[in-house]
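Worksheet: one structure, shown below.
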Amino acid sequence: MRTFLAGMLSIVCLQYGVAQTPPTALLGGDDALKQARAVVQSMETVSVVIPGLDKSAGPLLENTRQALRELQMTPASAALTHRFLNSAREFLAVADLMPKPFPFPPAAEKQMTDLRAAMLRMSVHFDALLEHEQVLLHNPDRDNLHRYAEDNERVGAPQANSPRVVFFGDSITDFWRLNEYFTGRDFLNRGISGQVTGEMLGRMKADVLDLHPGAMLLLAGTNDIARGTPVKTIENNISMMAELTRAHQVRVLIASLLPVSDYKKNVNPQFERTRMRPPARIWELNRWIQNYCLQNHFTYVDYYSPMVDGGGMLKDELSDDGLHPNARGYRIMAPIAAKALNTDLAAEPPEKAKHRRVKLF
0 MRTFLAGMLS
10 IVCLQYGVAQ
20 TPPTALLGGD
30 DALKQARAVV
40 QSMETVSVVI
50 PGLDKSAGPL
60 LENTRQALRE
70 LQMTPASAAL
80 THRFLNSARE
90 FLAVADLMPK
100 PFPFPPAAEK
110 QMTDLRAAML
120 RMSVHFDALL
130 EHEQVLLHNP
140 DRDNLHRYAE
150 DNERVGAPQA
160 NSPRVVFFGD
170 SITDFWRLNE
180 YFTGRDFLNR
190 GISGQVTGEM
200 LGRMKADVLD
210 LHPGAMLLLA
220 GTNDIARGTP
230 VKTIENNISM
240 MAELTRAHQV
250 RVLIASLLPV
260 SDYKKNVNPQ
270 FERTRMRPPA
280 RIWELNRWIQ
290 NYCLQNHFTY
300 VDYYSPMVDG
310 GGMLKDELSD
320 DGLHPNARGY
330 RIMAPIAAKA
340 LNTDLAAEPP
350 EKAKHRRVKL
360 F
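For the sequence shown, the positions run 0 to 360 when numbering that gives the first Met the number 0 is used.
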């Protein structure tokens, strides 16, 4: 199908002198959005040159615009790209059926041709996007174990006088330069941008347990919310990671999710965060994490409370994109993490206390 679409695109481009784009290329996020905007712009122009089309296909044009607005937040979404293309194709089908003035002006004919070419290019991108997702689906390293494989090989045994801590999570952990905030500590960063809790669970052994830390600080769940992962699945994955860690006599600290905001959406439409990460869902998951920690004697690390504003949003000055903390944001988080870790690591491990109370015969 992709080859057929690429061939059709080449024919259209050659016939009408349209500059060709490599038809097999998977467009990057910005290029995909640029192409989608070109489709919408062509649709708007065609609506003007064909009498009555603006009324007959107006709702389809609006559906396409709405799909474009959603694509601006997640341009790599195959589902949204499919919805965008379906609306555009339905619009084109109506345009083809509409009576045309005779003779049909060459300029109007060119607008129709430009629309077909733009849609074909978008279709080729969509086909490549599906192929890319299939590659990821069947990727033998779905959990990205290779990311820290070499670093893990170089990590020696922890020192008795310096407890090791693994910071485990997604991009918020990944972007945290721990050595700048926790100098002289054996703190290891094992965050990977974009990961969901299921992928983190898959690399628990290599990136946490095999490093023999004294504690693990887990920050996870925001990407699950963005991808629509069922809340029970998120809870199960977090609880499995916590229980696995405790089973290896490693202290467990679980952090709250950070709030998000839309304050930077005027800078970039992709920075409208609350649509994909509704504040209510973040708050509900944080409440579950807090209760889970209380019931299971884990430490709850509350980043949320000092970083949220009165409107339930991430404070404007603590982030440059409404999702990830900036340096000021990490300066809020660092002492909270340090205090929780220092308290936890100074206390006697519950397992040892429990074992000492057991009466031996």
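Where a beta carbon is used, it is the ideal one built from N, C-alpha and C, also for glycine.
Keep in mind it's a predicted model, so treat the numbers as computed, not measured.
Which residue comes first and which comes last in the alpha helix (DSSP H) that contains residue i?
i    : result
T221 : T221 to R226
R330 : A326 to A345
T182 : Run containing T182: none; DSSP gives neither H nor E here.
N265 : Counting along the chain, N265 falls outside any alpha helix (DSSP H), and DSSP gives it neither H nor E.
T196 : T196 to G201
The beta strand (DSSP E) that contains residue i, what's its start and end?
i    : result
N290 : Note, N290: premise wrong, no beta strand (DSSP E); alpha helix (DSSP H) at P278 to N295.
Pull the bridge partners of residue i from the DSSP assignment, please.
i    : result
G190 : G168
Q158 : S161
V251 : M215
T298 : L252
S41  : The partner list for S41 (beta bridge, DSSP) is empty, contrary to what the question assumes.
Y318 : The amino acid occupying residue 318 in the given sequence is Ser; Tyr does not appear at that position. Paired residue(s): P324.
Quick check: the Cα distance between residue i and residue j, rounded to an integer number of angstroms?
i    : j    : result
A37  : R189 : 40 Å
T196 : M97  : 50 Å
L257 : L144 : 25 Å
M118 : F101 : 26 Å
M121 : P277 : 30 Å
D173 : S192 : 6 Å
I331 : V93  : 55 Å
F103 : D95  : 13 Å
N341 : V154 : 22 Å
I233 : M72  : 22 Å
T112 : V48  : 13 Å
Y262 : H323 : 13 Å
M306 : L52  : 50 Å
D223 : V249 : 25 Å
D319 : K109 : 42 Å
R82  : L208 : 43 Å
Is DSSP giving residue i helix, strand or coil here?
i    : result
S304 : helix
L313 : strand
S260 : coil
M240 : helix
L177 : helix
D28  : The sequence shown places Gly at residue 28, not Asp. Helix at G28.
V207 : coil
R245 : helix
R274 : coil
H354 : In this predicted model, H354 has a pLDDT of only 43, less than 50, meaning its place in the structure is not dependable; the value taken from the coordinates is given anyway. Three-state result, H354: helix.
Exercise. Enumerated in chain order, which unbroken segments of the alpha helix (DSSP H) with a length of 4 residues or greater are wholly contained in the stretch 90-148?
Worked result: Complete alpha helix (DSSP H) runs here, min 4: 105-136.
Problem set entry | Complete alpha helix (DSSP H) runs within the stretch 44-98 (minimum length 4 residues, chain order) | List check, alpha helix (DSSP H) in window: 52-55, 57-70 and 77-96.
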